[in-house]
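Student: 7 is the number of the first residue of the sequence shown in this note's numbering; add one for each residue after it.
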Amino acid sequence: QWGQDGERIRNLRRNTDMAIYTPGSSAGLPVSILKSFAAPDSKLLEDLDLLRDRIQTTASGILELLGMKVDPLQSREHILLANIIEHSWMAGKDLDLGSLIQLIQNPPIERIGVFDLESFYPAKERFKLSMTLNNLLAAPGFQSWLEGEALDVGSMLYTPSGTPRTSIFSIAHLSDAERMFFVTLLLNQILGWMRTQSGTTSLRAILYMDEVFGFLPP
7 QWGQDGERIR NLRRNTDMAI YTPGSSAGLP VSILKSFAAP DSKLLEDLDL LRDRIQTTAS
67 GILELLGMKV DPLQSREHIL LANIIEHSWM AGKDLDLGSL IQLIQNPPIE RIGVFDLESF
127 YPAKERFKLS MTLNNLLAAP GFQSWLEGEA LDVGSMLYTP SGTPRTSIFS IAHLSDAERM
187 FFVTLLLNQI LGWMRTQSGT TSLRAILYMD EVFGFLPP
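#1: Return yes when the Cβ of Ala144 is within less than 8 angstroms of the Cβ of Glu70, no when it is not.
#2: Opposite Val37 in the DSSP bridges: which residues?
#3: Look at the alpha carbon of Glu155 and the alpha carbon of Ser204, and state the distance between them as a whole number of angstroms.
#4: Inspect the CB distances between the stretch 158-167 and the stretch 125-135 and report whether three or more fall short of 8 angstroms.
#5: With Arg210 as the anchor, note down where its alpha helix (DSSP H) starts and where it stops.
#6: Determine the extent of the alpha helix (DSSP H) in which Ala65 is found, giving its start and end residues.
#7: When burial is assigned at 16 or more other CB atoms within 10 Å of the CB, is Ile15 buried or exposed?
#8: Short of 7 angstroms in beta carbon distance, which residues of its chain neighbour Ala211, apart from the five on each side in sequence? Order them along the chain.
#9: According to DSSP, simplified to helix, strand and coil, what is Met74?
#10: I'd like the span of the beta strand (DSSP E) that includes Asp270, first residue to last.
#11: Could you check what DSSP says for Ser167 in three-state terms: helix, strand or coil?
#12: Closest by CA to Leu191, which one among Asp23, Tyr27 and Thr63?
#13: For the 8 angstroms Cβ check, are there 3 or more pairs between the stretch 97-111 and the stretch 71-82?
#14: For Ile115, which residues does DSSP report across the bridge?
#15: Measure the C-alpha to C-alpha separation of Ile90 and Phe219 and round it to an integer number of angstroms.
#16: Are Ser32 and Leu152 touching if we call contact CB-CB under 8 angstroms?
#17: According to DSSP, is Ile174 part of a helix, a strand, or is it coil?
#18: List the endpoints of the continuous beta strand (DSSP E) containing Asp47.
#19: When DSSP labels each residue in this structure, what does Asp102 get in the three-state scheme?
#20: Phe221: buried (16+ other C-beta within 10 angstroms of its C-beta) or exposed?
Structure follows, in C-alpha cells:
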C-alpha cells in the first residue's frame, strides 16, 4: 500500500530501535512526567521568548488536566501558576507536582502586578486550588504518570548505545484533558531541545502526529 517492500522494512527494523510509550498506562513503556517540570537549562533560560512560551503552556497544561479551560490573561489560577513556575525556574529550582502544591499555598512571591498576593488571590482560595491538584496527585491511577522513562528528547531519538530510535507515543487511552496535557509537555520538551541544537544541513528528527484535529485546529 505504501510502496515499501519487505527488504526496506526489514532494514528499518535491523537498524533502528522501536519503542512504544503509553503515558498514564503500563500497557506499553510508561513515561514519567516529573522531569517536565524541571528548570530548563541555561540556554533556554536565556531565550526569554521561548521561556515565556514554555511557562505559559506548562501552566495551561496543568490546569487543563484539572478540567479548567481558562484564559491565560484573565485567570487568577493561570497567572499564579505562571508566576510560581517562572520564579522557581529563574532561581534554578526544579519543580514537581508535590512542590507545586506547596508553593500554591505558600507562594515565593509577595506581589502579582501591583496587587499584594492576598488581595489578588486570598489564601483560602489558593488552598482550594492546591487541594484540587493534590486530589489529582493522590488518585491511584495517577501514579502511572510518575513511573517509567523521563520525557527526554535525546533518549527518544537514540538508545544509550547510539542506535537511532523510533519513539511512538500512544495516547488513545487517555481522556481529552490528559491528551492535551501530555501533548503540551511533549511539544515543550521537543521545542526546548530544538532551540539548544547547533545548526546543521542534515535532518536530525521527524515529528509526525496522527489525527491532529483538536490539537492544532485550522
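Don't be surprised by glycine CBs; every beta carbon is placed ideally from N, CA and C.
Tutor: Based on what the coordinates show:
#1: no
#2: When beta bridges are read from the DSSP output, Val37 appears opposite Glu155.
#3: 26 angstroms
#4: no
#5: Per DSSP, Arg210 belongs to no alpha helix (DSSP H) and is neither H nor E.
#6: Leu54 to Leu71
#7: exposed
#8: Leu163
#9: DSSP, read as helix, strand or coil, puts Met74 in coil.
#10: Within the shown structure, residues of the chain are numbered from 7 to 224, placing residue 270 beyond reach of any answer.
#11: Coil at Ser167, not helix or strand.
#12: Thr63
#13: Result no; under three Cβ-Cβ pairs closer than 8 angstroms.
#14: Bridge partners of Ile115: none, in fact.
#15: So the alpha carbons of these two residues sit roughly 32 angstroms apart.
#16: no
#17: strand
#18: No beta strand (DSSP E) contains Asp47, which DSSP labels as neither H nor E.
#19: It is coil, neither helix nor strand.
#20: exposed
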